[in-house]
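Anchor point for the sequence shown: position 107 equals 159 in the numbering used here, and the numbering is continuous, going up by one each time. No residue lacks a Cβ here, since even glycine has one placed at the ideal position from N, Cα and C. Below you'll find the structure, written out as structure tokens, and then a few comments.
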Amino acid sequence: MATIPTLTLSAPKLNTSSSSYLKPNSPASLSVVHCCSSSSSSSPCPSSVQSGKSLINAGVGFLAAAVLGLSPLKADATRVEYYATVGEPLCELSYAKSGLGYCDVTVGSGEEVPRGELVNVHYTARFADGTVFDSSYKRARPLTMRVIKGLDQGIIGGNGVPPMQVGGKRKLRIPPELAYGPEPAGCFSGDCNIPANATLLYDINLIGIYSGNAK
């Protein structure tokens, strides 16, 4: 029986969670559907779809480019992936008494962040081995957030750490006791993005102070 394989590309659903630790979107998958030739009189086509293995990001990119015929968004997508996976230039960390490591790649020239205010930041978050587990660049937009535990001293300053100013870029090394400690985090249905006792590395780009803050 002659079969004609066809390709089906399933795009991931957009994750709209506002959490600073977002669970990765379900990866795109490639399915192969075997369709029977109309001239064949043998056994009917199976109705089930054989789902392939999840494609790696590069594979998805090449396949999408082929399907879309070199979309004009290709250049922007490439820049997004670059900033999501490539860290800011290295700088020598200084350490506060709390154990927080910090260094400024670029010192901002704007205002400092008032405590308790919402801010707009771009960030890339990594584990100590350099593995990226979250990045606002992959969502192609900065995150509006209230400064959370572990980032407060690194962004707002205090205990010897200078505050960031709008336009600044800073690297942070957050030890477990300033992050989530012995508890895993970013959990959904028993699957956790951040293991217990994890040291977290952040590249922070302070875009601005959220304009919707209460006056």
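- For Ile246 against His174, the beta-carbon gap comes to about 20 Å, at or over 8 Å, which does not count as contact.
- Each residue's CA atom was taken as its position, placing Cys155 and Ser146 some 6 Å apart.
- In this structure, Arg225 is the residue among Arg225, Gly206 and Leu203 with its C-alpha nearest to the C-alpha of Asp181.
- Close CB contacts of Pro194 within its chain, under the 7 Å cut and outside five residues either way in sequence, are with Asn172, Val173, His174, Ser188 and Ile259 (chain order).
- Within a 10 Å sphere around the beta-carbon of Arg222 sit 16 or more other beta-carbons, which makes this residue buried.
- Non-local beta-carbon contacts of Leu253 in its own chain, meaning distances under 6 Å to residues more than five positions away in sequence, involve Arg178 and Arg225 in chain order.
- When the Cα atoms are used, Ile207 and Pro141 turn out to be separated by approximately 18 Å.
- For the pair Val213 and Asp204, the Cα-to-Cα distance works out to about 10 Å.
- For Asp255, the enclosing beta strand (DSSP E) starts and ends at Leu252 to Ile261.
- For Gly153, the uninterrupted beta strand (DSSP E) segment begins and ends at Gly153 to Thr158.
- Of the residues Ile256, Ala148 and Glu144, the one whose Cα lies closest to the Cα of Asn211 is Ala148.
- The shortest C-alpha to C-alpha distance from Val184 to any of Met216, Asp255, Gly264 and Val159 is the one to Asp255.
- Within the same chain, Cβ atoms closer than 8 Å to the Cβ of Pro234 are found at Pro228, Ala248 and Asn249, the five residues on either side in sequence being excluded.
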